[in-house]
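Participant: Line by line, the protein sequences give chains F and B. Residues in the first sequence are numbered from 27 upward in steps of one, following the working numbering. Residues in the second sequence are numbered from -11 upward in steps of one, following the working numbering. Each residue gets a CB set at the ideal place from its N, CA and C atoms; glycine is no exception. Note that this is a predicted model, so its numbers are computed, not measured.
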Amino acid sequence: MKRRNLLLAGIALLALWQALALALNRPILPTPLAVLAALWRELTGGNLLAHFLASFWRVIASTLLAVFTAAPAGMMLGQSKRLDDIFSPVIYLLYPIPKVVLVPIVLLFFGVGDLPKIIIIYLILFFQILVLVRDSAAGLRPELIQSVRSLGAGRRALFRYVYLPASLPAVLTALRQSVGTAVAVLYVAELFATQRGLGYYIYLNGSTLFNYPAMYGGVVMMSLLGLGLYFGVDVLERRLCPWKTAA
Amino acid sequence: MIELDQITFAYPGDAPLFQDFSWRVERGEAWAVLGTSGCGKSTLLNLLAGLRLVQSGQVRIDGAPLTRPRPQTGLIIQDYGLLPWATVRQNVELGLRVRNFYGPDGTHAPRGYTPSLAVDAWLERLGIAGIAGQFPGQISGGQRQRTAIARTLALRPDLMLMDEPFSSLDAPTREGLQRLMLELWAEQALTMVVVTHSIEEAAVLGQRILLLGKAPNRAAKIIENPGAAEMRFRESDDYGRMCRLLRERLEEA
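1. Alpha carbon to alpha carbon, what distance is there between C231 of chain B and D8 of chain B?
2. Inspect the beta-carbon positions of L212 of chain F and I147 of chain F and report whether they are closer than 7 angstroms.
3. Can you list the residues of chain F that P53 of chain B reaches, using a CB-CB cut of under 8 angstroms?
4. Since M150 of chain B is in the beta strand (DSSP E), which residue starts that stretch and which ends it?
5. Kindly indicate which residue of B:E112, B:D146, B:I211, B:L149 has the alpha-carbon position closest to the one of Q131 of chain B.
6. Which bits of chain B does A179 of chain F rub up against, with CB to CB less than 7 angstroms?
7. Would you list, in chain order, the members of the segment 196 to 229 of chain F that have their beta-carbon closer than 7 angstroms to a beta-carbon of chain B?
8. Can you tell me which residues form a DSSP beta bridge with T184 of chain B?
9. Based on DSSP bridge pairs, tell me the residues matched to A52 of chain B.
10. Check the DSSP bridge columns for L198 of chain F and list the partner residues they point to.
11. Once DSSP output is grouped into helix, strand and coil, what is the label at K209 of chain B?
12. With 7 angstroms as the threshold, decide whether the Cβ of H96 of chain B is near any Cβ in chain F.
13. With a threshold of 7 angstroms between beta-carbons, can S233 of chain F be considered close to chain B, or not?
14. Does the beta carbon of P57 of chain B come closer than 7 angstroms to any beta carbon on chain F?
15. Who are the Cβ neighbours of A97 of chain B in its own chain at under 6 angstroms, not counting the five residues just before and after it?
16. For R12 of chain B, which of helix, strand or coil comes out of DSSP?
17. Measuring only the C-alpha atoms, how far is D93 of chain B from L84 of chain B?
18. List, from N- to C-terminal side, the beta strand (DSSP E) runs of 3 residues or more that fit wholly inside the segment 152 to 216 of chain F.
19. Just checking, does the segment 183 to 193 of chain F make contact with the segment 148 to 166 of chain F on the three C-beta pairs under 8 angstroms criterion?
20. Using 7 angstroms as the limit for Cβ to Cβ distance, is E169 of chain F near chain B?
21. By a C-beta neighbour count over all protein chains shown, 10 Å radius and 16 as the cutoff for buried, is G26 of chain B buried or exposed?
22. Can you tell me whether E(-9) of chain B is helix, strand or coil according to DSSP?
23. Work out the CA separation of L168 of chain B and R237 of chain B for me, nearest whole Å.
24. Helix, strand or coil: which one does DSSP assign to F135 of chain F?
25. Count Cβ pairs between the segment 230 to 239 of chain F and the segment 247 to 259 of chain F that sit closer than 8 angstroms; are there 3 or more?
26. Expressed to the nearest angstrom, what Euclidean distance is found between the alpha-carbon atoms of Y227 of chain B and A177 of chain B?
27. Using the beta-carbon of each residue, which ones in chain F are nearer than 8 angstroms to G83 of chain B?
28. Short of 8 angstroms in beta carbon distance, which residues of its chain neighbour I228 of chain F, apart from the five on each side in sequence? Order them along the chain.
29. Identify the contact partners of S173 of chain F in chain B, using a Cβ-Cβ distance below 7 angstroms as the criterion.
30. Between the C-alpha atoms of R224 of chain B and R175 of chain F, what's the straight-line distance to the nearest angstrom?
31. Could you pull the DSSP bridge partners for G62 of chain B from this structure?
32. The beta strand (DSSP E) spanning R196 of chain B covers which residue range?
33. Beta carbon of A208 of chain B, beta carbon of L193 of chain B: below 7 angstroms?
34. Does the Cβ-Cβ distance between L244 of chain B and L149 of chain B come in under 7 angstroms?
35. Do the CB positions of T140 of chain B and I187 of chain B come within less than 7 angstroms of each other?
36. Buried or exposed for D151 of chain B, please, with buried defined as at least 16 other CB atoms from any protein chain shown within 10 angstroms of its CB.
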């Protein structure tokens, strides 16, 4: 995608928003400019930035946790048929459960604060990364493994030089696929038992304070959070997997 | 250098491919192992590489029983042997990186080995210095095999095992690489074992040719082909006669 086309698409969407807001002419749909002004006010004067950072921290913490636990587990399962035979029925049953329905349960067990939110997002990302890394490790050609073994590589060197780099694209693909869901579920999780985070902020301004421009400002920040994470994965992929774009 | 002493090998649940099979390879020899598919020739190479172990009998290299891949043995396979995410240079460095990773412990790397990543001379010798920054997906099949050969030679092997190394290449590329292998065999004082289903390749690369037939293989059928190492052998009458002979013997087997 060209940068110019992305910019044009962005401008077109804003124009559409502006037209709809003018046509509707009601406080529940402020114009982009009004939202921008509110956004500025809330970021500099209010505490929108603090809410944004709370959400951002929850996503980043759970992502890091998920990558560093799911990727090694996926590699283990992918290279050992015996382990995979034991665990794949369990994963098969747990993977399709929409993790958002676990929100009330996790809240019951872990109460208020960051931990239950981090756990929920972690569960979503964990299974996605686990499954994709496992499949990519299992899909490595046996010829490749044999030829690297013939160079003297034992189990540790195989992990370092074959399984680890081979699972990197799978990790990034998993993140790309699930980062949107993760942010959506974060929103839901932040509606309960917390007074920090964009979910809480949006709900508070929309349903309690009736400050619609501020609510839209929160929606914009939440969108930017999802978009930024998605872009971040793209940048990492170009950085870490140059062979995918070169070939 | 290599001794197969009364070996028996079968894959689980299958009839044995080798039964009480014995064979010897002397240091510096160039061997071709010729046979149709399913005769066990790739299995034989995996046994020599230490990637599979015999059920009875013994594989010895320099008198020592082989129980795992040996750091001085190089293995080149038909394709898919290169890391797709690493550049040509990084692929050539891979064996050295693995050695540096373990250090000179005698099992993964020879004792007395000094860590190094010097591969420039090999990139030059194999004619791939110009594509050192590219990925395997971007280069030709011949260049990929040159990369695989450079990666193996960078480890200074004394034994070179090759499994259908040039089968997927077009004829001119294949002949160029066969010539190059003979040059390298002579200049690096290698012992070479090439597994192939191609009669022509066996005749060009094997000074001695081991013929494998229907499983189980019991006795080693050996055909002497001393002309193979000569550079112009391919154009000679001896070459034509050798190909005919191999074809007849392959049909009998």
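Facilitator: Reading from the atomic positions:
1. The residue labelled residue 8 of chain B in the question sits at position 20 within the second sequence. The residue labelled residue 231 of chain B in the question sits at position 243 within the second sequence. Their Cα atoms are separated by approximately 29 angstroms.
2. On the first sequence, residue 212 of chain F is found 186 positions in, with the first residue counted as 1. On the first sequence, residue 147 of chain F is found 121 positions in, with the first residue counted as 1. Contact flag set, yes.
3. In the second sequence, the residue the question calls residue 53 of chain B occupies position 65. Result: empty, since nearest Cβ-Cβ is about 18 angstroms, beyond 8 angstroms.
4. Start at 1 with the first residue of the second sequence, and residue 150 of chain B comes out as number 162. It spans 147 to 151 - the beta strand (DSSP E) in which M150 of chain B sits, taken as one unbroken run.
5. As a position in the second sequence, residue 131 of chain B is number 143, starting the count at 1. Comparing Cα positions, the closest option is B:E112.
6. Counting from one through the first sequence, the residue named residue 179 of chain F turns up at place 153. Residues of chain B passing the Cβ test: V86.
7. none
8. As a working mapping, residue 184 of chain B is identified with position 196 in the second sequence. Answer is B:L22, bridged to T184 of chain B.
9. On the second sequence, position 64 is the one that residue 52 of chain B refers to. For A52 of chain B, which the question treats as bridged, DSSP gives the partners B:I49.
10. Locating residue 198 of chain F in the first sequence gives position 172, where the first residue counts as 1. L198 of chain F is not bridged to any residue.
11. As a working note, residue 209 of chain B is residue 221 in the second sequence. Residue state, collapsed to three classes: strand.
12. On the second sequence, residue 96 of chain B is found 108 positions in, with the first residue counted as 1. At least one chain F Cβ lies under 7 angstroms of H96 of chain B.
13. Taking the first sequence and counting its residues from 1, one reaches residue 233 of chain F at position 207. Judged by the 7 angstroms Cβ criterion, S233 of chain F is not in contact with chain B.
14. Locating residue 57 of chain B in the second sequence gives position 69, where the first residue counts as 1. So yes, P57 of chain B belongs to the interface.
15. Working through the second sequence from its first residue, we reach residue 97 of chain B at position 109. Answer for A97 of chain B: P59, R87, Y90, listed in chain order.
16. Locating residue 12 of chain B in the second sequence gives position 24, where the first residue counts as 1. Correct three-state label for R12 of chain B: strand.
17. Sequence index remark: in the second sequence, residue 93 of chain B carries index 105 (1-based). Sequence index remark: in the second sequence, residue 84 of chain B carries index 96 (1-based). D93 of chain B and L84 of chain B: Cα-Cα distance of roughly 14 angstroms.
18. none
19. yes
20. Looking up residue 169 of chain F in the first sequence gives position 143. Judged by the 7 angstroms Cβ criterion, E169 of chain F is in contact with chain B.
21. Within the second sequence, the letter at position 38 stands for residue 26 of chain B. When all chains shown are included, G26 of chain B counts as exposed.
22. Along the second sequence, one-based indexing puts residue -9 of chain B at 3. Residue state, collapsed to three classes: strand.
23. Taking the second sequence and counting its residues from 1, the one referred to as residue 237 of chain B is at position 249. Taking the second sequence and counting its residues from 1, the one referred to as residue 168 of chain B is at position 180. Taking the straight line joining both Cα atoms gives about 28 angstroms.
24. If you number the first sequence from 1, residue 135 of chain F lands on position 109. Looking at F135 of chain F - three-state DSSP - the assignment turns out to be helix.
25. no
26. On the second sequence, residue 227 of chain B is found 239 positions in, with the first residue counted as 1. On the second sequence, residue 177 of chain B is found 189 positions in, with the first residue counted as 1. Looking at the two C-alpha atoms, the distance is approximately 24 angstroms.
27. Here the question's residue 83 of chain B lines up with position 95 in the second sequence. Per Cβ cutoff of 8 angstroms: L177, G178.
28. In the first sequence, counting from the first residue as 1, residue 228 of chain F sits at position 202. The answer, listed in chain order, is Y213, M241, G244, V245, M248.
29. On the first sequence, residue 173 of chain F is found 147 positions in, with the first residue counted as 1. Chain B residues near S173 of chain F: L63, I65, G69.
30. One-based indexing of the second sequence puts residue 224 of chain B at position 236. One-based indexing of the first sequence puts residue 175 of chain F at position 149. The identity of residue 224 of chain B in the sequence shown is Ser, whereas the question assumes Arg. About 40 angstroms.
31. Locating residue 62 of chain B in the second sequence gives position 74, counting from the first residue. The partner list for G62 of chain B (beta bridge, DSSP) reads B:M148.
32. Within the second sequence, the letter at position 208 stands for residue 196 of chain B. Note, R196 of chain B: beta strand (DSSP E), 196 to 199.
33. Counted from its first residue, the second sequence places residue 208 of chain B at position 220. Counted from its first residue, the second sequence places residue 193 of chain B at position 205. No, Cβ-Cβ distance for A208 of chain B and L193 of chain B is not below 7 angstroms.
34. Because chain B in this structure spans residues -11 to 241, residue 244 of chain B falls outside the shown range and cannot be described.
35. Your numbering for residue 140 of chain B matches position 152 in the second sequence. Your numbering for residue 187 of chain B matches position 199 in the second sequence. Their beta carbons are not under 7 angstroms apart, which means T140 of chain B does not touch I187 of chain B by this criterion.
36. Translated into the one-based positions of the second sequence, residue 151 of chain B becomes position 163. Looking at its Cβ environment, which holds 16 or more other Cβ atoms inside 10 Å, D151 of chain B is buried.
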